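Trainee: When you read off a place in the sequence shown, starting at 1, and then add 759, the result is the number in my numbering.
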Amino acid sequence: MPTPPVSKLPAFHPLVHEITPSLSPAEVFDRLAALPHCIFFDSAQQDSKLGRFSYLAADPFKMLRVPGGNESPFVQFENQLSDCSFERVPELPAFQGGAAGLFGYDLGHSWERLPRTRYNEFVLPVLAVGFYDTVIAFDHAQDRSWIIAQGWPERTPEKRERRASERLQQFRALLESNSTTAPERPNQQTVNLAGEHYPVTPIGRRGTTALRSNFSSDGFQEAVAAAIEYIHAGDLFQVNLAQRLLLPQNCDSIALYQRLRKENPAPFAGFFDLGDYQIVSASPERFLQVNEGRVETRPIKGTRRRMTGAEAELFNGSELKQSVKDRAENVMIVDLMRNDLSRVCEPASVVVDQLCEVENYQYVQHLVSAVTGKLSAGKTVFDLITASFPGGSITGAPKVRAMEVISTLEPHARGAYCGSLGYLTPDGHLDLSILIRTITAGGGWWQMPVGGGIVAQSDPADEYAETWHKAEGLLRAVL
């Protein structure tokens, strides 16, 4: 495994307290969600092979927010993380403290010259991460959970032990209190969607006219048709297009997440409180994982709505697996991700471990592949992110040209959507989701973009319908 920058400070063994009897992630979230900058990596779909571990952290000792337009977004990030002296507890889950937060879609503009979208009324940072010295880790297979306290930002072993002990006791007391408090939200003016902004269209769905989109049905299908023209002209093989749904906020984001995790559990679900915005996600997709230098990415391409009845669902899954169009979409992105990983992985280490397997989620079935590799000596997780962000499954191929077309055809900045939520540890462990099936709360609105991959064989009406299939779980939570 490549050696990440490591602090030369004296070693310190973190303090660990096992929670007995173990609390569920939902119970811990209830009690700690109101703490500043709470972040929750929630394997809500625990029957998934990817759903073994969950993590919750809050009250970071430092927050880093990087606005758009910064050509070196990781400099301060790397410096702060490398300053955290770290000794791993081998028998515990991977995230034992470190950095965690949001990598917005527009972070990709930091290292590629891309046109800006026309409108960006919700201005999120392209990078927002907290540095967390205390983490609660859950192992669902063992039904065990732990509080892990690192004692940062103190630097000497004595001061770190004192700080870690205080933090451990603080979190224990909050968990034992069995009480919840309302979060303190900054006063935020409701964003006005009228006037200079691109007009939004009321969409009558599920008995409400409050739901809006930045595309009409015809408008989205026209954008799909334009994307197909780019493909026929040789600009692209595939591009991901999304419509952005909007609904006025009608409850706090914590309550919204609690509804969403029940309605639409997912292996990479998550919650992150930036203060002025909250990320509420039911993502089924892993973008990148690094464990002991081994890299994995799991692109999703190909979708069917789940059917009622085992026989109907089996037929539907078989039809999806045999679909020439959907397999072509998936294989294109697998090739793209192989190329991205090859830029930072050992030669010949990049392999396809899984190709176009059907996986079931709450409301849809997906074709999912897995590509793995081994990081080259001298390469870090930051090199990996720079080489591969944003993910190919939510951009297209070739990636840079696809991102240019997205900026042209989609009227609004994506913000958190199609970025990533995840953590990095000082010793180089990483796990990032792709923020699909995700709501961004703030400015008086819930933003819910939904989209899909467009290829030469795409039918605009079918692609529009697919966005609504993907929105089903979100809409059940918000309406």
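Backbone N, C-alpha and C define an ideal beta-carbon position, used for all residues, glycine too.
Values in this document were obtained by computation on a predicted structure and should not be read as measured data.
(1) Out of A1236, G1212, H1228, point me to the one whose CA is closest to P983's CA.
(2) For R1097, write down the residues that DSSP places opposite it in a beta bridge.
(3) For N1075, name the three-state secondary structure that DSSP assigns.
(4) Give the DSSP bridge partners of D1112, in chain order.
(5) Going by DSSP, which residues form a beta bridge with M1091?
(6) Please confirm whether Y1223 and S972 have their CB atoms less than 8 Å apart.
(7) Using a 10 Å radius around the Cβ and a threshold of 16 neighbouring Cβ atoms, would you call Q901 buried or exposed?
(8) Classify G1203 as buried or exposed, calling it buried when 16 or more other Cβ atoms lie within 10 Å of its own Cβ.
(9) What residue range is occupied by the uninterrupted alpha helix (DSSP H) comprising Y989?
(10) For a test of the three-state rule: what should DSSP assign to K918, helix, strand or coil?
(11) Please list, in chain order, all residues of the same chain as L995 whose beta carbon is under 8 Å from its beta carbon, the five residues on each side excluded.
(12) Looking at C-alpha atoms only, which residue of S1192, A1175, Y1176 is the closest neighbour of L1183?
(13) Comparing C-alpha positions only, which one of Q1081, W1205, E1051 sits nearest to P849?
(14) Per DSSP, what kind of secondary structure is N838 in: helix, strand or coil?
(15) So, are the CB atoms of L840 and G857 less than 8 Å apart?
(16) Taking only the alpha-carbon atoms, compute the straight-line gap between T1067 and P1007 and give it to the nearest angstrom.
(17) Consult DSSP for P1219 and reduce its assignment to one of helix, strand or coil.
(18) Measure the C-alpha to C-alpha separation of D789 and T939 and round it to an integer number of angstroms.
(19) Suppose contacts are defined by Cβ-Cβ distances below 8 Å. Is T1242 in contact with V1140 by that definition?
(20) DSSP three-state label for D801, please.
(21) Tell me the rounded alpha-carbon separation between L774 and E913.
(22) Does the stretch 928-937 come close enough to the stretch 775-788 to have 3 or more Cβ pairs within less than 8 Å?
(23) Between which two residues does the beta strand (DSSP E) containing I1213 stretch?
(24) Do the CB positions of E1169 and A1001 come within less than 8 Å of each other?
(25) By the 10 Å Cβ neighbour count, where 16 or more other Cβ atoms means buried, how is G910 classified, buried or exposed?
(26) Please state the DSSP three-state secondary structure of M1162.
(27) Would you mind working out which of L952, A1025, K918, F836 sits nearest K808, comparing C-alpha positions?
(28) Mind checking whether Y814 and F800 have CB atoms under 8 Å apart?
(29) Would you say the stretch 1115-1131 touches the stretch 815-822, given that touching needs at least three Cβ pairs under 8 Å?
(30) Excluding the five sequence neighbours on either side, which residues of its own chain have a C-beta within less than 7 Å of the C-beta of A803, listed in chain order?
(31) What's the gap between the Cα of G1178 and the Cα of T893?
(32) Give me the DSSP bridge partner(s) of P832.
(33) Q1081: buried (16+ other C-beta within 10 angstroms of its C-beta) or exposed?
(34) Identify every residue that forms a DSSP beta bridge with Q901.
(35) Determine the direct distance from the alpha carbon of P780 to that of T1197, and round the result to whole angstroms.
(36) Determine contact between the stretch 1225-1238 and the stretch 1097-1106, defined as no fewer than three beta-carbon pairs at a distance below 8 Å.
Mentor: Working from what's here:
(1) As a first step, residue 983 is located in the sequence shown; it is residue number 224 there, counting from the start. Going by the sequence as given, residue 983 is Val instead of Pro. Ranking the options by Cα distance to V983, first place goes to G1212.
(2) One-based indexing of the sequence shown puts residue 1097 at position 338. Looking at the DSSP assignment, R1097 forms no beta bridge with any residue, so it has no partner.
(3) Position 316 of the sequence shown, counted from the first residue, corresponds to residue 1075. Helix, per DSSP.
(4) The sequence position of residue 1112 within the sequence shown is 353, counting from 1. Its beta-bridge partners do not exist; DSSP assigns none.
(5) Translated into the one-based positions of the sequence shown, residue 1091 becomes position 332. DSSP lists no partner for M1091.
(6) Reading the sequence shown from its first residue, position 464 is the one you call residue 1223. Reading the sequence shown from its first residue, position 213 is the one you call residue 972. No, the pair does not count as a contact, with Cβ atoms beyond the cut-off.
(7) For the purposes of this step, residue 901 is taken as residue 142 along the sequence shown, with counting starting at 1. Flag for Q901 reads exposed.
(8) Numbered from its first residue, the sequence shown carries residue 1203 at position 444. Classification of G1203: exposed, given that the 10 Å Cβ count is below 16.
(9) By 1-based counting over the sequence shown, the position of residue 989 is 230. Unbroken alpha helix (DSSP H) run through Y989: 976-991.
(10) Numbered from 1 along the sequence shown, position 159 holds the residue referred to as residue 918. K918: helix per DSSP, three-state reduction.
(11) Here residue 995 refers to the residue found at position 236 when the sequence shown is read from its first residue. So the qualifying residues of the chain are A986, Y989, G1155, A1156, P1157, R1160, A1161, V1164.
(12) Taking the sequence shown and counting its residues from 1, the one referred to as residue 1183 is at position 424. Answer by Cα proximity: S1192.
(13) Walking along the sequence shown from the start, residue 849 turns up at place 90. Of Q1081, W1205, E1051, the residue nearest in Cα terms is E1051.
(14) As a working mapping, residue 838 is identified with position 79 in the sequence shown. N838: helix per DSSP, three-state reduction.
(15) Your numbering for residue 840 matches position 81 in the sequence shown. Your numbering for residue 857 matches position 98 in the sequence shown. Yes, Cβ-Cβ distance for L840 and G857 is below 8 Å.
(16) The residue labelled residue 1067 in the question sits at position 308 within the sequence shown. The residue labelled residue 1007 in the question sits at position 248 within the sequence shown. Distance between the alpha carbons of T1067 and P1007 is about 32 Å.
(17) Here residue 1219 is taken as the residue at index 460 of the sequence shown, counted from 1. In the three-state reduction of the DSSP assignment, P1219 falls in the helix class, which pools H, G and I.
(18) Residue mapping note: residue 789 aligns to position 30 of the sequence shown, counting from 1. Residue mapping note: residue 939 aligns to position 180 of the sequence shown, counting from 1. So the alpha carbons of these two residues sit roughly 6 Å apart.
(19) With the chain running from 760 to 1238 in the structure shown, residue 1242 is simply not present.
(20) Reading the sequence shown from its first residue, position 42 is the one you call residue 801. Three-state result, D801: strand.
(21) Reading the sequence shown from its first residue, position 15 is the one you call residue 774. Reading the sequence shown from its first residue, position 154 is the one you call residue 913. Straight-line Cα distance between these residues: approximately 14 Å.
(22) yes
(23) For the purposes of this step, residue 1213 is identified with residue 454 of the sequence shown, where counting begins at 1. Where I1213 is concerned, the enclosing beta strand (DSSP E) stretches over 1204-1213.
(24) Taking the first residue of the sequence shown as 1, we reach residue 1169 at position 410. Taking the first residue of the sequence shown as 1, we reach residue 1001 at position 242. Contact: yes.
(25) Mapped onto the sequence shown, residue 910 falls at position 151. Buried: at least 16 other Cβ atoms inside 10 Å.
(26) For the purposes of this step, residue 1162 is taken as the residue at position 403 of the sequence shown. Of the three classes helix, strand and coil, the one that applies to M1162 here is helix, per DSSP.
(27) In the sequence shown, counting from the first residue as 1, residue 808 sits at position 49. Comparing Cα-Cα distances from K808 to each of L952, A1025, K918, F836, the minimum goes to A1025.
(28) The residue given as residue 814 occupies position 55 in the sequence shown. The residue given as residue 800 occupies position 41 in the sequence shown. Cβ atoms of Y814 and F800: closer than 8 Å.
(29) no
(30) Here residue 803 refers to the residue found at position 44 when the sequence shown is read from its first residue. Counting only Cβ-Cβ distances below 7 Å, and skipping sequence neighbours, we find R1020, P1024, A1025, A1028.
(31) On the sequence shown, residue 1178 is found 419 positions in, with the first residue counted as 1. On the sequence shown, residue 893 is found 134 positions in, with the first residue counted as 1. Cα-Cα distance, rounded: 25 Å.
(32) As a first step, residue 832 is located in the sequence shown; it is residue number 73 there, counting from the start. P832 is not bridged to any residue.
(33) As a position in the sequence shown, residue 1081 is number 322, starting the count at 1. So Q1081 counts as exposed.
(34) As a position in the sequence shown, residue 901 is number 142, starting the count at 1. According to the DSSP secondary-structure assignment, Q901 is paired through a beta bridge with no residue.
(35) As a working note, residue 1197 is residue 438 in the sequence shown. As a working note, residue 780 is residue 21 in the sequence shown. Answer to the nearest angstrom: the Cα atoms are 32 Å apart.
(36) no
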